[in-house]
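Peer 1: In mature numbering (1 follows the signal peptide of the UniProt record, and there is no 0), the protein residues as written are -23 to -1, 1 to 212.
We treat Cβ as the ideally placed atom computed from N, Cα and C, and that holds for glycine.
Since the model is a prediction, treat every value here as computed from it, not as a measurement.
So this is what it looks like as structure tokens:
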């Protein structure tokens, strides 16, 4: 009887190990960048980080492991913890490139912790915590979306609208691969450029063609690209 219990426990342990390994397997990343002017230009508005108002530039939303069938793993290692000391050498850069605009105003560490625990732990076998955040910073620098759009004559404006096709074409030319553009709606009901999804290989180093498109909010044919420089936060 005792030996049967030992065999059963070993089988359960092996089954758990298999589930754990499968949950950490994935096919590619979505690298998601967010336009702060569109985040703030809604009925809900926004709050600036305690470090101050971010620059008028795209900010990182996340680096998310995904499967080719459109699903994704999450919270893959519930024993993992977010260690601020692991990213102490890049804290200033993260405040600049990966800010939180959610209310109430914060130092952004809770947002980074959420991203690591929900998404980063699912690539922990490839990227440790430090390398995960460094990879995202490197991808932002490599993509340089704002410059890509400006080179195509697409600049933030409170009066102009831009063709969704022209925006996609500009990003495709700049990165070499087609993006997915997600829009939100401003207080006046206009669609506006909200997030840009790019696909990245499992090393988190190279942009690739998206195996599957995300389920983000779609855009109209003409969209706004609102200015952020003169915008004020919700107090």
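Using only CA atoms, which one of 175, 4, 40 and 82 lies nearest to residue 91?
Peer 2: Taking the first residue of the chain shown as position 1, residue 91 is located at position 114. For the residues 175, 4, 40 and 82, the minimum Cα distance to residue 91 belongs to 40.
Peer 1: What residue from 23, 110 and 89 has the CA that sits closest to residue 182's CA?
Peer 2: If you number the chain shown from 1, residue 182 lands on position 205. Ranking the options by Cα distance to residue 182, first place goes to 110.
Peer 1: Give the DSSP-derived three-state secondary structure of residue 115 in the structure shown.
Peer 2: Looking up residue 115 in the chain shown gives position 138. Helix.
Peer 1: In three-state DSSP terms, what is residue 38?
Peer 2: Reading the chain shown from its first residue, position 61 is the one you call residue 38. Strand at residue 38.
Peer 1: Closest to residue 72 by C-alpha separation, out of 61, 80, 85 and 60, would be which residue?
Peer 2: Position 95 of the chain shown, counting from 1, holds the residue named residue 72. Of the candidates 61, 80, 85 and 60, the one whose C-alpha sits nearest the C-alpha of residue 72 is 85.
Peer 1: Spell out whether any CB of chain C is found under 8 Å from the CB atom of residue 7.
Peer 2: Reference to chain C is not applicable here, since this structure consists of a single protein chain.
Peer 1: Can you give me the C-alpha to C-alpha distance between residue 82 and residue 30, rounded to a whole angstrom?
Peer 2: Stepping through the chain shown from its first residue, residue 82 is reached at position 105. Stepping through the chain shown from its first residue, residue 30 is reached at position 53. Going from the Cα of residue 82 to the Cα of residue 30 covers about 11 Å.
Peer 1: Within its chain, find whatever has a CB closer than 7 Å to the CB of residue 49; leave out the 5 residues flanking it on each side and keep chain order.
Peer 2: In the chain shown, the residue the question calls residue 49 occupies position 72. Counting only Cβ-Cβ distances below 7 Å, and skipping sequence neighbours, we find 41, 42 and 43.
Peer 1: The beta strand (DSSP E) with residue 92 in it runs from where to where?
Peer 2: The residue given as residue 92 occupies position 115 in the chain shown. Per DSSP, residue 92 belongs to no beta strand (DSSP E); it is in the alpha helix (DSSP H), 86 to 95.
Peer 1: Among residues of its own chain, excluding the 5 on either side of residue 152, which ones have a beta-carbon nearer than 8 Å to its beta-carbon?
Peer 2: The count along the chain shown starts at 1 and reaches residue 152 at position 175. Correct list, in chain order: 120, 125, 175 and 184.
Peer 1: Going by DSSP, what residue range makes up the beta strand (DSSP E) through residue 161?
Peer 2: Numbered from its first residue, the chain shown carries residue 161 at position 184. Residues 157 to 162.
Peer 1: Where does residue 178 fall in DSSP's three states?
Peer 2: As a working mapping, residue 178 is identified with position 201 in the chain shown. Reduced to three states, the DSSP call for residue 178 is coil.
Peer 1: Quick one: measure Cβ to Cβ for residue 51 and residue 96, integer angstroms, because I've assumed they're closer than 8 Å.
Peer 2: Stepping through the chain shown from its first residue, residue 51 is reached at position 74. Stepping through the chain shown from its first residue, residue 96 is reached at position 119. Confirmed, about 7 Å.
Peer 1: Are the Cβ atoms of residue 108 and residue 15 separated by less than 8 Å?
Peer 2: Here the question's residue 108 lines up with position 131 in the chain shown. Here the question's residue 15 lines up with position 38 in the chain shown. Going by C-beta atoms, residue 108 is not nearer than 8 Å to residue 15.
Peer 1: By Cβ distance, which residues of its chain are closer than 7 Å to residue 145, with the 5 residues on each side in sequence left out?
Peer 2: Position 168 of the chain shown, counted from the start, is the residue given in the question as residue 145. So the list reads 155, 156 and 158, once near-sequence residues are dropped.
Peer 1: Count the other CB atoms, across all protein chains shown, that sit within 10 Å of the CB of residue 203; report buried if there are 16 or more and exposed otherwise.
Peer 2: For the purposes of this step, residue 203 is identified with residue 226 of the chain shown, where counting begins at 1. It counts as buried.
Peer 1: One question on the structure: do residue 24 and residue 78 come within less than 8 Å of each other, judged by their Cβ atoms?
Peer 2: Stepping through the chain shown from its first residue, residue 24 is reached at position 47. Stepping through the chain shown from its first residue, residue 78 is reached at position 101. Yes, they are a contact pair.
Peer 1: For residue 113, count neighbouring C-beta atoms within 10 Å of its own C-beta (all shown protein chains included) and say buried if the count is 16 or more, exposed if not.
Peer 2: Mapped onto the chain shown, residue 113 falls at position 136. With 16 or more other Cβ atoms within 10 Å, it is buried.
Peer 1: Find out if the Cβ-Cβ distance for the pair residue 9, residue 169 is shorter than 8 Å.
Peer 2: Position 32 of the chain shown, counting from 1, holds the residue named residue 9. Position 192 of the chain shown, counting from 1, holds the residue named residue 169. Not a contact, by the Cβ cut-off of 8 Å.
Peer 1: Alpha carbon to alpha carbon, what distance is there between residue 93 and residue 135?
Peer 2: On the chain shown, position 158 is the one that residue 135 refers to. On the chain shown, position 116 is the one that residue 93 refers to. Between residue 135 and residue 93, the C-alpha separation is close to 35 Å.
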